[in-house]
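In what follows, a single structure is set out as structure tokens and then discussed.
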Amino acid sequence: MLRRILDQLEDFFGISRKQARAAFVLMFLSFFLIWTPFVLRRWILPLFPTSSEPVNTIKLDSIAAQLEKDAVLQEEENESKYSKKEYTKAPTKPIRLFSFDPNTASIDQLEELGVPAFIAKRIDKYRSKGGKFRKKEDLLNIYDFPSDVYQKLESYIKLPESGSSYPKSNYPEKTYANNSLPKEVKAYNKPVIVPFDINTTDTTQLIKLKGIGSKLSLRILKFRDALGGFHSTSQFSEIFGLDSLALTELNKYAKIQSPVKKININTATSEELSQHSYLRNKKINTVIVNYRTQHGSYQSIEDLKKVRVLDEKMIEKIGPYLAF
-13 MLRRILDQLE
-3 DFFGISRKQA
7 RAAFVLMFLS
17 FFLIWTPFVL
27 RRWILPLFPT
37 SSEPVNTIKL
47 DSIAAQLEKD
57 AVLQEEENES
67 KYSKKEYTKA
77 PTKPIRLFSF
87 DPNTASIDQL
97 EELGVPAFIA
107 KRIDKYRSKG
117 GKFRKKEDLL
127 NIYDFPSDVY
137 QKLESYIKLP
147 ESGSSYPKSN
157 YPEKTYANNS
167 LPKEVKAYNK
177 PVIVPFDINT
187 TDTTQLIKLK
197 GIGSKLSLRI
207 LKFRDALGGF
217 HSTSQFSEIF
227 GLDSLALTEL
237 NKYAKIQSPV
247 KKININTATS
257 EELSQHSYLR
267 NKKINTVIVN
277 YRTQHGSYQS
287 IEDLKKVRVL
297 DEKMIEKIGP
307 YLAF
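To convert, note that position 298 of the sequence shown is 284 in our numbering; the numbers rise steadily by one, no gaps.
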């Protein structure tokens, strides 16, 4: 029976005899560990009854009463310790109301107007980072700004009128007759883009396309090299970060004129298979190699369908990159 179970494990997972034995041992240990607590509670522990002595309730009540008494004494001690202590607030600056611009008022002026010190510092920090108050209500956008203080200061807030005119440059404006540019300025000629082989091109050709910059062009080449080349333009959509404009440009100008680099499925190791973008899963690669060792070389793509860890979609993707 054990041999039959091992045979079934080998066929189902596509593993060796040694690995099948290890898998069987692991399943047996898992089954044993799962049922051990149930067996102990049901049959083992009842065989060893434990003797229980009656609880001394009088002693427990006396301990609880003593703890409660100690807690009351501690609370009374704390009250007597802090009841006579007086806390006095630090003297504040006298408040004086006057017209001010929150964009230019100093921290001392804001405190004199009744703004708390930490709020005044927060306003100054906001201005130092480029923040500006364009209307009176913008003061309330400062975190924790007191609404009652704003109501007192609202009539004293004076902001410069929006859209104020700025002094014009002293240099005269340069005009051209008939709105024409000077002769030295030459018209910009848009570079002509011609179709190219995506499997042999470099970044200089890719960055000419709309929507593709230097970083995106490097990502395209990195994806191509990890594949071993593109075999179909539909693979462009698998590249991360390409929008509709970039995909349109690639489909228009990027042509597939060179063959892809293929991997010999009958000689490649698991590590060599893992270097391909579609074969990053080392466990699947190990199963592929083990199946080849047990059943012989793969003759065609149909033989890969016998490896149960590979589905049809996966086989369809890796098929163009395999040599038999």
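Think of the CB as a built atom: it goes at the ideal place given N, C-alpha and C, for glycine as much as any other residue.
Practice prompt. Quick one: measure Cβ to Cβ for T186 and S244, integer angstroms, because I've assumed they're closer than 8 Å.
Written response: 5 Å
Practice prompt. Could you check what DSSP says for A76 in three-state terms: helix, strand or coil?
Written response: A caution first: A76 carries a pLDDT of 44, below 50, which makes its placement in the model too unreliable to give a value.
Worksheet item: Rounded to a whole number of angstroms, what is the C-alpha to C-alpha distance between M316 and I287?
Response: This structure does not reach residue 316, given that the chain is present from -13 up to 310, and the question cannot be answered.
Worksheet item: Could you give the uninterrupted runs of the alpha helix (DSSP H) lying entirely in the segment 263 to 292, keeping only those of 4 residues or more?
Response: 268 to 281 and 287 to 290
Worksheet entry | K71 in three-state terms, based on DSSP | Unreliable placement is indicated for K71, whose pLDDT of 43 sits below 50; no coordinate value is reported for it.
Worksheet item: Taking the Cβ atom as the reference point for each residue, do P136 and L83 lie within a distance shorter than 8 Å?
Response: What sits at residue 136 in the sequence shown is Tyr, not Pro. The answer is no: Cβ separation not under 8 Å.
Worksheet item: Would you say the segment 99 to 114 touches the segment 46 to 58, given that touching needs at least three Cβ pairs under 8 Å?
Response: no
Practice prompt. Ignore the nearest five residues each way along the sequence and tell me which others in K144's own chain have a CB closer than 8 Å to its CB.
Written response: S85, F86 and D87
Fill in: Terminal residues of the alpha helix (DSSP H) in which F14 lies
R3 to V25
Worksheet item: Do the segment 262 to 276 and the segment 229 to 242 make contact, defined as three or more Cβ pairs closer than 8 Å?
Response: no
Discussion item. Only counting the same chain, and skipping five residues up and downstream in sequence, which positions put a Cβ closer than 6 Å to that of T74?
Written reply: Low local confidence applies: a pLDDT of 41 at T74 is under 50, so the model's placement there is unreliable, with the coordinate-based value given in what follows. The answer is none, since no qualifying residue turns up.
Item to complete: Compute the Euclidean distance between the alpha carbons of I184 and L265, then round it to the nearest angstrom.
Response: 22 Å
Fill in: N- and C-terminal bounds of the alpha helix (DSSP H) containing D134
S133 to L139
Worksheet entry | Top-ranked residue by Cα proximity to K248, from G215, Q280 and T255 | G215
Worksheet entry | R113: first and last residue of the uninterrupted alpha helix (DSSP H) it sits in | A103 to S114
Practice prompt. Measure the alpha-carbon distance for E159 versus L125 and round it to whole angstroms.
Written response: Low per-residue confidence applies at E159: pLDDT is 49, beneath 50, and the placement is therefore not dependable, though the value from the model is reported in the following sentence. Spanning the two alpha carbons is a distance of roughly 40 Å.
Practice prompt. Within 10 angstroms of the Cβ of V58, are there 16 or more other Cβ atoms? Answer buried if so, exposed if not.
Written response: exposed
Worksheet item: Buried or exposed: G0, going by 16 or more other Cβ atoms within 10 Å of its Cβ?
Response: buried
Practice prompt. Please work out which residues of its chain come closer than 6 Å, Cβ to Cβ, to T43, disregarding the five sequence neighbours upstream and downstream, and give them in chain order.
Written response: none
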